[in-house]
Amino acid sequence: MTDMHPAIRVSEIFGPTIQGEGVLIGLPTVFIRTGGCDYRCSWCDSLHAVDNQYRHEWLPMPIDAVWQTVHALSGGRPVMVSLSGGNPAIQPFGPLIERGHREGYRFALETQGSVVREWFADLDVLTLSPKPPSSEMTTRWAAFD
1 MTDMHPAIRV SEIFGPTIQG EGVLIGLPTV FIRTGGCDYR CSWCDSLHAV
51 DNQYRHEWLP MPIDAVWQTV HALSGGRPVM VSLSGGNPAI QPFGPLIERG
101 HREGYRFALE TQGSVVREWF ADLDVLTLSP KPPSSEMTTR WAAFD
């Protein structure tokens with residue numbers, strides 16, 4: 001089966017591990033950390049997923065490959081899948097969410113809210129985390145390319 005969807009820039013996929021923060025604390029979770037962000041916040045703890053100097057490490061993965069990795073990591077047992085980054089909202093996650101839901105997986109995303117996608121309506125949990133001026137963030141418009 002060929003994947004007709006755009007690739008997702010992946011920094012890392014790992015888990016399942018126990019979610020350690022937020023409303024999903026304690027749940028077994030597979031994490032998909034994407035590469036690329038349209039903001040640059042002074043306190044970012046995921047520079048390997050944000051800074052362009054790491055861009056060569058962001059593997060453009062077809063949706064099928066991302067799904068196969070998540071499925072293998074979870075042992076085929078439906079778990080929560082956390083979409084993080086960088087800013088995962090700039091990635092084409094709609095088809096992955098649709099596919100995962102068919103098999104009972106749930107999806108959570110955290111974003112600073114700079115962009116809105118139609119597929120947000122399909123998420124099980126959406127966390128908006130706006131960045132205040134104290135973040136000293138700058139918008140990196142090239143990240144949208």
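Residue numbers (this note's numbering): 1 to 145. Heads up, the beta-carbon is just placed ideally off N, CA and C, and yes, glycines get one too.
(request) Look at the alpha carbon of Glu-12 and the alpha carbon of Ala-89, and state the distance between them as a whole number of angstroms. (result) Position 12 of the sequence shown, counted from the first residue, corresponds to residue 12. Position 89 of the sequence shown, counted from the first residue, corresponds to residue 89. Separation of Glu-12 and Ala-89 (C-alpha to C-alpha, rounded to the nearest whole angstrom) is 16 Å.
(message) Can you tell me which residues form a DSSP beta bridge with Leu-128?
(response) Taking the first residue of the sequence shown as 1, we reach residue 128 at position 128. BP columns for Leu-128 point to Thr-111.
(request) Going by CA-CA distance only, name the one from Gly-100, Val-81 and Pro-95 that's closest to Leu-109. (result) The residue given as residue 109 occupies position 109 in the sequence shown. The option with the nearest alpha carbon to Leu-109 is Val-81.
(request) Please say whether Gly-85 and Cys-162 have beta carbons closer to each other than 7 Å? (result) Any property of residue 162 remains undetermined from this structure, which presents the chain solely from 1 to 145.
(message) Quick check: the Cα distance between Glu-103 and Pro-78, rounded to an integer number of angstroms?
(response) Counting from 1 along the sequence shown, the entry for residue 103 is found at position 103. Counting from 1 along the sequence shown, the entry for residue 78 is found at position 78. CA-to-CA, the gap between Glu-103 and Pro-78 works out to about 7 Å.
(request) Have a look at Leu-96 and Ala-65 and give me their C-alpha separation to the nearest angstrom. (result) Within the sequence shown, residue 96 is the residue found at index 96, counting from 1. Within the sequence shown, residue 65 is the residue found at index 65, counting from 1. Going by the C-alpha atoms only, they are around 10 Å apart.
(request) In the DSSP assignment, find the unbroken beta strand (DSSP E) run with Ile-18 in it and report its ends. (result) The sequence position of residue 18 within the sequence shown is 18, counting from 1. Under the DSSP assignment, Ile-18 falls in the beta strand (DSSP E) whose first and last residues are 8-18.
(request) In angstroms with no decimal places, state the Cα-to-Cα distance between Ser-129 and Pro-62. (result) Against the sequence shown, residue 129 aligns to sequence position 129. Against the sequence shown, residue 62 aligns to sequence position 62. One C-alpha to the other measures close to 28 Å.
(request) List the endpoints of the continuous alpha helix (DSSP H) containing Leu-73. (result) Position 73 of the sequence shown holds residue 73. 63-73 is the span of the alpha helix (DSSP H), which, as asked, contains Leu-73.
(message) Between the alpha carbons of Gly-76 and Thr-17, how many angstroms are there, rounded?
(response) As a working note, residue 76 is residue 76 in the sequence shown. As a working note, residue 17 is residue 17 in the sequence shown. Spanning the alpha carbons of Gly-76 and Thr-17 requires a straight line of approximately 15 Å.
(request) For Val-79, name the three-state secondary structure that DSSP assigns. (result) Here residue 79 refers to the residue found at position 79 when the sequence shown is read from its first residue. In this structure, Val-79 counts as coil in the three-state DSSP scheme.
(message) Once the 5 residues before and after Gly-26 are set aside, which same chain residues still bring their CB inside 7 Å of it?
(response) As a first step, residue 26 must be located in the sequence shown, where it is residue number 26. Closer than 7 Å at the Cβ level, and outside the excluded window around Gly-26, lie Ile-18 and Gln-19.
(request) Find out if the Cβ-Cβ distance for the pair Arg-99, Trp-67 is shorter than 7 Å. (result) By 1-based counting over the sequence shown, the position of residue 99 is 99. By 1-based counting over the sequence shown, the position of residue 67 is 67. It is a contact, given that the beta carbons lie within the stated cut-off.
(message) Quick check on Gly-35: buried or exposed, where buried means 16 or more other Cβ atoms within 10 Å of its Cβ?
(response) Walking along the sequence shown from the start, residue 35 turns up at place 35. So Gly-35 ends up on the buried side.
(request) Identify, in the order they occur along the chain, each residue of the same chain with its Cβ nearer than 8 Å to the Cβ of Arg-117, setting aside the five sequence neighbours on each side. (result) The sequence position of residue 117 within the sequence shown is 117, counting from 1. So the qualifying residues of the chain are Ala-89, Phe-93 and Gly-94.
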